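All letters in the sequence shown, in the order written, are residues -22 to -1, 1 to 424 by mature numbering (1 follows the signal peptide of the UniProt record, and there is no 0).
We put the beta carbon where it would ideally sit given N, CA and C, even for glycine.
This one's a predicted model, so the numbers in the text were calculated from it and none came from an experiment.
One structure is given here, and the rest of the page talks about it.
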Amino acid sequence: MSVFAAAGAGLLCAGRLCAVRAVLPCLWRGKYFSSGNEPAENNPVTPMLRHLMYKIKSTGPITVAEYMKEVLTNPAKGYYVNRDMLGEKGDFITSPEISQIFGELLGIWFISEWIATGKNAAFQLVELGPGRGTLLGDILRVFSQLASVLKNCDISIHLVEVSQKLSEIQALTLTEEKVLLERNAGSPVYMKGVTKSGIPISWYRDLQDVPKEYSFYLAHEFFDVLPVHKFQKTPHGWREVLIDIDPQVSDKLRFVLAPCATPAEAFIQCDETRDHVEVCPDAGVIIQELSQRISLTGGAALIADYGHDGTKTDTFRGFCGHRLHDVLIAPGTADLTADVDFSYLRRTSQGKVASLGPVKQQTFLRNMGIDVRLKVLLDKSDEPSLRQQLLQGYDMLMNPTKMGERFNFFALIPHQRLHGRNHQMNACQSKPSPSPVAGFGELAWR
Ligand SMILES: C[S@@+](CC[C@H](N)C(=O)[O-])C[C@H]1O[C@@H](n2cnc3c(N)ncnc32)[C@H](O)[C@@H]1O
């Protein structure tokens, strides 16, 4: 275990106890649901439903992946594009919105990896799908608290975000200013600013556009919103699940099976034993890009999400107002999600980089020193409501029946990282010993 990570949670001073964050009765998205049983009268005709019915009438039933993509990220009507869906007043809650400790420990993870790989003179921190910017805000507070460790390191922040509304909220959280849209239509950077602690920050719509420099990548509850194709095993072979208009009920959608093979079947493993699978080609494209970048320039990617290791079947579900929601009802008003298949992420990294995990959130956070950090914060806090909130947040993150076992951590690192050799090592940098990667091995106090 890296000495820094082992000590990190204790090194952080109590610092600012952040404003009370939401816990109960908010719903996290690791819950399951089966769809299709909602009574028709609860099915308002949303602009998105009208758009989809028009599309299906024109070109025929659509794949679940196309449905998810349209519903979530259609530039005009997509669920993610124009609203803030996170937190008590939204549709669901995520770990960083529950407890500041979550982001603080991830901040320590990045510094620990930066140290373990030879303290590069500069790094980019790239976050995919940053939500409200809460997680990054907690990470940057750790960077400020540990400025003496990071001194002389040239850090920049790069956010990949498709939502205009959320990018505005991220800008307010991280820069405390309203950041204007960039006017240069030729530039892939659509917003640019400086964080409260003086770090340059840029916004992009696509990972491809982020400069290919030495980087640490973070994706928390990002891969689960990428579109999945769903397949059912039948006596005639795999058949894709499609979405069609229900002929029995007006303005209602229903699932049907494709009459013949469809192209996305190529993503199913030849030796697949399950009878229903979900495949996510977009996740594969992003993992290949991350693997390529990390193998060329170094750095690491930390991916945290709920998911499985190639074992689950039907996990497609919806959330609205902290309740499970039928995925086909009132599209555009509810979040859609499917569990991440970590075995597929590992396969698509194609050996270019080493992968670690998935390990359960409970294990990862314990290895990162969550118990020590909780104690420091509890010792410093006299206010009963804050103490209660810290304990409730800890329980939500760690309890195996809540987020502790359903959420997983997975990392991509250069092969050299496991053998003690570094990218871009120069004469001034000493060769570090190949310490185990923090969070993925047991915490060892020295
Ligand atoms: C479930 S939220 C998670 C937010 C945040 N990471 C958290 O844990 O609180 C998903 C995030 O990914 C963004 N997003 C969804 N699809 C995206 C895409 N294709 N490209 C970039 N960002 C996307 C959403 O706008 C949102 O910020």
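Measuring C-alpha to C-alpha distances from residue 118 to each of 291, 176, 163 and 155 identifies 176 as the nearest.
In the structure shown, residue 90 adopts helical secondary structure according to DSSP, grouped into three states. Under DSSP, residue 169 shares a beta bridge with 159 and 181.
Of the residues 191, 372 and 107, the one whose Cα lies closest to the Cα of residue 275 is 191. Rounded to the nearest angstrom, the gap between the Cα atoms of residue 89 and residue 314 is 33 Å. In this structure, residue 218 lies near residue 240, with their beta-carbon atoms less than 8 Å apart. The C-beta distance from residue 229 to residue 21 rounds to 7 Å, short enough to fall under 8 Å.
With a minimum length of 4 residues, the unbroken runs of alpha helix (DSSP H) contained wholly in the stretch 30 to 115 fall at 42 to 51, 73 to 76 and 78 to 94. Where residue 342 is concerned, the enclosing alpha helix (DSSP H) starts and stops at 339 to 345.
Runs of the beta strand (DSSP E) spanning 3 or more residues and lying entirely within the stretch 112 to 147 occur at 132 to 138, in chain order.
Beta-carbon to beta-carbon, residue 334 and residue 418 are separated by about 5 Å, close enough to satisfy the 8 Å threshold. Taking the Cα positions, residue 162 is about 22 Å away from residue 102. Scanning the stretch 264 to 297 from its first residue to its last, no whole alpha helix (DSSP H) run of 4-plus residues comes out. Linking residue 63 to residue 204 through their CA atoms gives a straight-line distance of about 17 Å. Apart from sequence neighbours up to five positions away, the residues of its chain that approach residue 303 with a beta-carbon distance below 7 Å are 296, 297 and 312, ordered along the chain. Assigned with DSSP and collapsed to three states, residue 246 falls in coil, not helix or strand.
Looking from the CA of residue 325, the closest CA among 356, 360, 195 and 259 belongs to 259. Relative to ligand 1, residue 53 has its C-beta separated by 7 Å or more from all heavy atoms. Contact annotation: residue 222 and residue 316 have beta-carbon atoms that are not nearer than 8 Å. With contact defined as three or more Cβ pairs closer than 8 Å, the stretch 36 to 56 and the stretch 333 to 347 are not in contact.
By the neighbour-count definition (other C-beta atoms within 10 Å, threshold 16), residue 72 is a buried residue. Set against 7 Å, the gap from the CB of residue 144 to the closest heavy atom of ligand 1 is smaller. The Cβ atoms of residue 135 and residue 95 lie no closer than 8 Å to each other. For residue 289, the distance from the CB to the nearest heavy atom of ligand 1 is not below 7 Å. Within the chosen limit of 7 Å, ligand 1 reaches the beta carbon of residue 109 through at least one heavy atom. Its chain contains 235 as the residues whose beta carbon lies nearer than 8 Å to that of residue 212, once the 5 sequence neighbours on both sides are disregarded; these appear in chain order. Residue 81 is a Cβ neighbour of residue 112, given a cutoff of 8 Å.
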